[in-house]
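So for the sequence shown, the working numbering puts the first residue at 5; every next one is plus one. Where is the CB? At the ideal position from N, CA and C, for every residue including glycine. Bear in mind that the values here come from a model prediction, so they are computed numbers and not experimental data. Data first, discussion second: the structure below is written as structure tokens.
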Amino acid sequence: MKWILGLLCLIFLIIFHEFGHFIAAKLFGVKVESFSVGFGPVLLHKTFRGTDYRISLFPLGGYCGMKGEKDFQKAIDENLNQIEAEPDSLYGVNPVKRALIGFAGPFFNFLFAVIAFSVISGIGYTYYTYSNKISIATEIYPELHSAAAEAGIKSGDRIISINGNKTEYFSDLISQVASRPDEDLQIQVDRDGSILTFTVHSDLDKKTGSGKIGVVADSSDVIAVDTPRFGFFGALGDGSKKAFEAVGMTLKSLKILFMGVEVKNAVSGPARVTDMLGSTIKEGFAEGAKIGIISTLSLLAIISISLFIMNLLPIPVLDGGLILIALIEFISRHKIKPKIQYYIQAAGIAFIIFIFLVGLTGDISYFTSKK
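This is the structure:
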């Protein structure tokens, strides 16, 4: 059951992405020939205002079929110097409009994250964490390394800020350190009423890509924290803020991939993402409707932000590639030859296959290790 739930959520995010392309294409005068939920043979369809709306056999996402998408392949096959396109087709409109059509899909992923975070901010919730009082990890787990201890921090200290950001709870401490691996951190502690400052160089956990300083929470000090419950506009503002913060965190995660982490653990394939989604939904709703909604929306928002960023990478076959080529044509006032686009696209496909294989390898390793 969890696999079905996870798959349905992924399909929703993909369809929402394609709906962004659909809206933008209609807005900028590109004819949308088809809009399908699913791929493969068409099971049901209905034509309305020139668009064939479909439900197809394989429910693995969907697509928005725009007029002229095949003009590029036609230009390659016929060895043309430029793509011949009609005015109401994808390659026939102004390059800026084409770039905006390409951007609309990822933007809808970002928009969904804003909506999801806003709903969470409007609902409010309670979570349990520990205080900012810490113990040195090596005193409990001697095999570990503690950068905090080496810098002079001691068990019983309260970490009150990291790089100027307040850490009222241990969960704040984790979020500040995890996103800053292999960095010098300015850590302020309260030691029996005295405020002391230490420079701690965080370690990089190569399995997870997160930062660590070798401290653990004082587990005897459990705290229930109630998040603020905002009104409509307050929730929208807080949701937008969280969405932008998630973009920043995801971009940092991409940077960390090049710092020597175990990529097969850091990059999740579709199977692992589906498993995580399904498990989150099942376990969340087992705790109650409110927890289920919040946990599901949180994970969907994070995945949606990842889709937003990944699709904007300037790689052909992704939306970012379409946007890049359109903007180059707009700035240079010249159309890029189909042959050049073809070679660039081949490199892009090779990169996507590489990422897919890394994700697949990671998925296999993840599921076999669980047995």
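Rounded separation between residue i and residue j - CA only
i, j, result
"K377", "N85", "Here the chain covers residues 5 to 375 and nothing more, so residue 377 does not appear."
"L328", "S244", "26 Å"
"R53", "T212", "49 Å"
"E333", "A141", "56 Å"
"S206", "A182", "9 Å"
"Y2", "R233", "The requested residue 2 is not part of the displayed model; the chain covers only 5 to 375."
"V239", "L11", "This sequence places Ala at residue 239; Val is not what is there. Taking the straight line joining both Cα atoms gives about 28 Å."
"K78", "V97", "17 Å"
"P110", "V229", "34 Å"
"R195", "V118", "40 Å"
"G235", "G241", "10 Å"
"V100", "I335", "10 Å"
"E22", "A120", "18 Å"
"I319", "R337", "21 Å"
"V34", "N83", "25 Å"
"D75", "P91", "12 Å"
"K30", "I87", "21 Å"
"E249", "N169", "14 Å"
"V251", "L311", "10 Å"
"I163", "F20", "42 Å"
"S122", "T231", "13 Å"
"F112", "A247", "12 Å"
"G296", "F116", "18 Å"
"S214", "H49", "47 Å"
"Q180", "K210", "18 Å"
"Y173", "S93", "55 Å"
"P185", "I344", "40 Å"
"S272", "L316", "Bear in mind that a pLDDT of 49 at S272, under 50, signals an unreliable position, so the number given afterwards is only what the model happens to contain. Rounded to the nearest angstrom, the two C-alpha atoms are 18 Å apart."
"D161", "G24", "50 Å"
Opposing strand residues paired with residue i [DSSP bridges]
i, result
"N169", "I166"
"M314", "Answer is none; M314 lacks a bridge partner."
"Q180", "For Q180, which the question treats as bridged, DSSP gives no partner whatsoever."
"V226", "Y134"
"C68", "F39"
"H205", "D188"
"D56", "S38 and T51"
"K216", "D207"
"I140", "V219"
"S198", "R195"
"V46", "S60"
Residues of its chain near residue i, where Cβ-Cβ distance is below 6 Å and the 5 sequence neighbours each way are ignored
i, result
"V204", "A151, A152, A155, L189, I191 and I217"
"G106", "D323, L326 and I327"
"S40", "R58, S60, G66 and Y67"
"K256", "S183"
"V46", "R58 and S60"
"F202", "A155, G156, I157 and I191"
"E187", "S206"
"I313", "T254"
"F62", "G42, F43 and G44"
"L331", "A103"
"D81", "none"
"F371", "Its pLDDT being 46, under 50, F371 is placed unreliably by the model, and nothing is read from it."
Anticipated Cβ contact below 8 Å, residue i with residue j, distance rounded
i, j, result
"A89", "G69", "Not quite, the Cβ-Cβ distance comes to about 15 Å (not below 8 Å), so this is no contact."
"V36", "T51", "About 11 Å; that fails the 8 Å criterion."
"L17", "L304", "7 Å"
"I124", "K294", "About 10 Å separates the two Cβ atoms, so there is no contact after all."
"I306", "F114", "Between F114 and I306 the Cβ distance is about 12 Å, and since that is not below 8 Å, they are no contact."
"F43", "L64", "6 Å"
"K159", "I138", "Looking at the sequence itself, residue 159 is Ser, so the reference to Lys does not match. Rounded, the Cβ-Cβ distance is 7 Å, consistent with contact."
Residues of its chain near residue i, where Cβ-Cβ distance is below 7 Å and the 5 sequence neighbours each way are ignored
i, result
"A28", "L104, I105 and A108"
"F26", "V36, F39 and C68"
"F32", "V97, K101, L104 and I105"
"I199", "Q192"
"T171", "N136, I163, I164, S165, L177 and Q180"
"I144", "V220"
Residues of its chain near residue i, where Cβ-Cβ distance is below 8 Å and the 5 sequence neighbours each way are ignored
i, result
"L148", "A141, T142 and G218"
### Task
Determine contact between the segment 215 to 230 and the segment 128 to 144, defined as no fewer than three beta-carbon pairs at a distance below 8 Å.
yes
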